[in-house]
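Taking it in order: structure first as structure tokens, then the write-up.
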Amino acid sequence: MATTLEAPKTPAPKTNRLGLQAVDYRGAKTTLCAGCGHNAISERIIDAMYEMGVKPERVLKLSGIGCSSKSPTYFLGRAHGFNSVHGRMPSVATGALLANSSMLGIGVSGDGDTASIGLGQFAHLMRRNLPLIYIIEDNGVYGLTKGQFSATADVGSKLKTGVINELPAINTCAMAVDLGATFVGRSFSGDKKQLLSMLKAAIAHNGTVMLDVISPCVTFNDHEGSTKSYKYVQEHEDSIGEVGFVPFFDDISVDYDPGTTYDVQMHDGSHLKLRKLHEGYDPTNRIGAVKALMEAEERGEILTGVFYIDAKRPSFIDSLNLAPEPLATLPQDRVRPPRRVLDEIMQAHL
Amino acid sequence: MRQSFAVGIGGAAGQGVATPGDIFAKVFSRRGLHLNAYNAYQSIIRGGHTFLVIRTGADPITNIGDQLDLLIPLNQDTMDRHLRLLGPGGACIYNADSIRPGTATQGVQLCPLPVATLADITRNKVAQNTLAIGAALSMLGIGFQSLESVLEEQFKKKDRSVIDENISVARAGYDYATQNFKPFAQPLAMTENRYAVLSGNAALAMGGAAAGVKFYCAYPMSPSTGVLHWMAEHARKANILVRQVEDEIGVINMAIGAAQAGVRAMCATSGGGFALMSEGLGLSAQAEIPVVVIDCQRAGPSTGVPTKTEQGDLWQMLGAAFGDYPRAIAAPLDIGDCFTLIPEMFNLVDRFQCPGIVLCDLLLAEGRLSVDPKLLNFRPPIDRGELIVSNGAADHEPYKRYLITESGVSPRAIPGIPGYTHVVSSDEHDEDGVLISDEYTNAAKRRAMMEKRMRKVSGIEASVAPPKLQGPANADVTLVGWGSTQGVIEEACELLKDEGITANQLQIRWLVPLHGDAIVEILKKAKHTIIVENNFSGQFARYLRSETSFVPDGSIRKYDGEPFMPHHIVEAVKEQLAGKTKLSVPAHEVMV
Ligand SMILES: Cc1ncc(C[n+]2csc(CCOP(=O)(O)OP(=O)(O)O)c2C)c(N)n1
Ligand code: SF4
Ligand SMILES: [Mg+2]
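Chains as they are written, first to last, in the numbering used here: chain A, 3 to 352; chain B, 29 to 620.
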């Protein structure tokens, strides 16, 4: 069922600021089902990395297990990859980025990988505010094991077999806000513009970015009665605020009205521009973010957009006060504590 | 026979058993004496019984021995339980105001201290402890000066008045003993040597620092927590990144992530935590990322006996993670070896890009031993194997992370190097790291990858020396042990010799690779073979049998939570040589 990903429609410059072409950001040919939402997300990651001019070799792609977790193979073939085990990517990512904080980490997970087997790891990752882009490719089912309900399936959602989900969905966005992630949003694999802006802003952010991207599973969860089908999401999507992004290297200044648009200056000097579509919406207010998410859930709507951002809180790496030189690249003659330190330590035992 | 002197101090948790223990240990080590200490305690912060034994002497002290020479009971319970451990010539120093003496063995001196008369007990709650230490040192023929300097150091963080108070109380005990009690027949020896006193956990951690470990993470679990404490305390100075993680699943995967990034990464746990690491161990094997896991065994199964020792995790280690994969498993022989083994293990797993397990136990992890600092080499060789850390010559063959080679080892590049980008994965993959079971499974590639990885097994085997027989050839009995029983078996052999039975010892340090042929070669020449281990089913005996078909003449097993004492082994050997039984299960005579 292999298919080629569709080419981005937005006309992009031939080369980016590193002089690389879009093809330099492509990965292997996808082996996921034609039309799978995960493929569209891979495409947007390619676009975002290309447009932001990220050096592919500096990127560490991480994932767990699932159809979604396979997708890092299908973008950034020139980057490093680590397909880890089911639900454990958060700790692998933490170890890898602590050992080498000069890498840009992007983790791709699924709703099963995150909200079931990996829920504990997910919660602790959110608390750390590790600089990592964490994407849940959320289809409400376990695609790779042939379509059982996951813990993000909505109450009342129906499987093809007729089985109805009775348990409440875990709201990964509300959890992430609660637990300390500093950039939390939701998007839809079918919403190219919003997803691309959010991914670009994610690259600019210094801290944990948690993006829940609704990504329909065309094979097991795209039918009538599913709440994660293309049709259902299109009909029930409610954007909390339009997402615009101006990278630091673009000097195009766009006029905006502070009454209707939030302007968040990001760590690297980029600007995230959020046009308020909901009354009283303030993306820097955690309580408001959780409230908006809960209310949308009650209305049966799928809220999208950037719910919460804190561009100032120190990341995990910053708060640990790590030396700028990554531990992973220390020369061999400096990996051991200096003699003086060892002598001091030994003295305490004599 | 080695000369030694053993002190036992017991009381309820919270009564301050640790401080007199520290003071004795310092006094002994300042006299240039060896020491071995073991603390029997319970999983409770206050109340439960604690019994600390420190044995000292001029020669190496490999275990806590069979008998006490001095008992300091801090409560009645300790008096009742442990008085019987004193042999003739021994002494018991106790608070005459609160503790009734029991009936002691003939020749034991009972030394009651009138505590309330000698010290102001309203001011000093632990006066009985300090008086007893003073009294003991007098009876051991040690000048008061050496106690004074140790007390100065012990309480250096306290007010001057507290230090003075303690010194004067100790002095009162010292003088009282000089006037009223008989000194020990043998004054305590003295040498010019200086030893470091280490717990196994500290030694494991220091071994990690010596090996160049840059990343350590753990979830607290007795008896391995000491490694975490050491690491956390020295993290800054030693430039080691130390993390306490949410659970052991997170621990192993975090260590693997860091190791993949290029650092030496280590973690420690006990059996229950290790069970959660099994999945990650498989990841390390499949993705070929070297990582060292320390398992400090405690009595199991499940939460088991958190504060008691056992050698019961061997089969868990052998069976950890599914599928076949190369790995290394070694059990340190003593606390000094906890230090030495870590750099060795790192070199091995770095060269062969596989997981390495250090199978320690509570006896070593929480025990204390004097180690000659000269034996602690903080600059052991570091061999990181075929690791690519820089771009080097720009022109090279397209990089394949899992290149099929004759040795099975594929050069490993760390992430971040242009020209060496690659994917690692938990799924079976081809030479490029691409999953092979995506669209259809390529059986030929699977077979080739499996064979590549498993070729490392012979390389690992060739890198580790086979075990050697210790002691006389042609002995009446050959005792086989593994890991932490090295010391106690060694002393049992000496005691047997005194009784006219020649014994030698085959102590196993490397469990994987085992060198089964070399072991059988030794054992088939032995007159009588007995496997000694701290578990119920004879886990090592079963392993040796499964690998070599070798069946010993007998077994000595102990699984009551306490370590072997030399006489347990001596008596068992005698009954087995007399043909009374093939399986001895020595009883721990004292409840601790
Ligand atoms: C420990 C473990 N249990 C079960 C599995 C089987 N398994 C593979 S993927 C998967 C679910 C994946 O679901 P999700 O993360 O939502 O990814 P999707 O395929 O839907 O993108 C399961 C249960 C596994 N690989 N490992
Ligand atoms: S099964 Fe579903 S999730 Fe998996 S590739 Fe197909 S459409 Fe995507
Ligand atoms: Mg899913």
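The beta carbon of each residue, even a glycine, is placed where N, CA and C say it ideally should be.
Use the C-beta contact count for Gly-38/B: other C-beta atoms within 10 angstroms, 16 or more gives buried, fewer gives exposed. buried
Under the rule that 16 or more other beta-carbon atoms within 10 Å means buried, what is Gly-89/A, buried or exposed? buried
Short check: CB of Asp-1/A to CB of Val-215/A, under 8 Å? Chain A is shown only over 3 to 352; residue 1/A falls outside these bounds and no answer can be derived.
Looking at the unbroken alpha helix (DSSP H) that takes in Arg-151/B, where does it start and where does it end? Arg-151/B -> no alpha helix (DSSP H), and no H or E assigned at all.
Cβ of His-40/A within 8 Å of any chain B Cβ: no
message: Taking beta-carbon pairs under 9 Å, can you tell me which members of the region 92–120 of chain A lie near chain B?
response: Pro-92, Ser-93, Val-94, Ala-95, Thr-96, Gly-97, Ala-98, Leu-99, Leu-100, Ala-101, Asn-102, Ser-104, Met-105
Residues near Ile-415/B in its chain [Cβ-Cβ closer than 6 Å; skip 5 each side] = Reading the sequence as shown, one finds Leu at residue 415/B and not Ile. Correct list, in chain order: Arg-440.
Leaving out five residues on either side along the sequence, give the residues of the same chain with a beta carbon under 6 Å from the beta carbon of Thr-337/B. Asp-389, Leu-390, Leu-391, Pro-591
**Message:** Residues of chain A with CB closer than 9 Å to the CB of Lys-242/B, please, in chain order.
**Reply:** Ala-101, Leu-329, Ala-330, Leu-332, Val-337
Check your understanding: Heavy atom of ligand 2 less than 7 Å from the Cβ of Phe-222/A, yes or no?
Key -> yes
Practice task
Would you mind reading off the limits of the alpha helix (DSSP H) that contains Met-348/A?
Solution key: 341–349
Cβ contact check for the region 232–243 of chain B and the region 79–94 of chain B: 3 or more pairs under 8 Å
no
Check the DSSP bridge columns for Leu-20/A and list the partner residues they point to.
Answer by DSSP bridge pairing: none, since Leu-20/A is not bridged.
Inset, instruction - Could you please tell me which residues of the region 47–62 of chain A, in chain order, have their CB closer than 8 Å to any CB of chain B? - result: Pro-58, Glu-59, Arg-60, Leu-62
message = Tell me whether His-88/A, by its Cβ, gets closer than 7 Å to a heavy atom of ligand 2.
response = no
Partner residues on chain A for Val-291/B, Cβ-Cβ distance less than 7 Å: Ala-101, Leu-329, Ala-330
- Should Met-167/B be listed as close to ligand 4, given that the test is whether its C-beta is under 7 Å from any heavy atom? This structure lacks ligand 4; the ligands present are ligand 1, ligand 2 and ligand 3.
* Asked: Where do the ends of the alpha helix (DSSP H) carrying Cys-366/B lie?
  -> 363–380
**Item:** First and last residue of the uninterrupted beta strand (DSSP E) at Ala-119/B
**Value:** 114–123
Practice item. Name the two residues that bound the continuous beta strand (DSSP E) containing Asp-214/A. Key: 210–216
Practice prompt. Pull out every residue of the region 438–469 of chain B whose Cβ sits closer than 8 Å to any Cβ of chain A, in chain order.
Written response: Ile-442, Pro-443, Gly-444, Ile-445, Pro-446, Thr-449, His-450, Val-451, Val-452, Ser-453, Ser-454, Asp-455, Gly-461, Val-462, Leu-463, Asp-466, Glu-467
**Prompt:** Can a CB atom of chain A be found closer than 8 Å to the CB of His-262/B?
**Reply:** yes
Helix, strand or coil: how does DSSP classify His-77/B here? strand
Check your understanding: Whole-angstrom Cβ separation of Met-296/A and Ala-176/A, contact assumed at under 8 Å?
Key -> 7 Å
ask   = Across which residues does DSSP place Ala-327/B in a beta bridge pair?
value = Val-333/B
* Asked: Roughly how many angstroms separate the alpha carbons of Tyr-587/B and Leu-102/B, rounded to a whole number?
  -> 28 Å
Worksheet item: From the DSSP output, which residues share a beta bridge with Leu-542/B?
Response: According to DSSP, which records beta bridges pairwise, Leu-542/B is partnered with nothing at all.
Burial state of Asn-405/B, where buried means 16 or more other Cβ atoms lie within 10 Å: exposed
- Query: Which chain A residues are close to Asp-545/B, counting only those with a beta carbon under 8 Å from its beta carbon?
  - Reply: Correct list: empty, because the minimum Cβ distance to chain A is about 36 Å.
Exercise for the section: Give the DSSP bridge partners of Leu-161/A, in chain order. Expected result: None; Leu-161/A has no bridge partner.
- Item | ligand 1 heavy atom lying under 7 Å from the CB of Thr-147/A | yes
Inset, instruction - Thinking Ala-291/A and Val-143/A are a contact (beta carbons under 8 Å), I'd like their distance in whole angstroms, please. - result: Not quite, the Cβ-Cβ distance comes to about 27 Å (not below 8 Å), so this is no contact.
message: Taking 7 Å as the cut-off, is the beta-carbon of Asn-167/A closer than that to any non-hydrogen atom of ligand 1?
response: no
Worksheet item: Which chain A residues are close to Asn-267/B, counting only those with a beta carbon under 7 Å from its beta carbon?
Response: Pro-339
(message) With a threshold of 8 Å, are at least 3 pairs of Cβ atoms found where one atom belongs to the region 263–282 of chain A and the other to the region 202–210 of chain A?
(response) yes
(message) The alpha helix (DSSP H) that contains Ala-313/B, what's its start and end?
(response) 299–315
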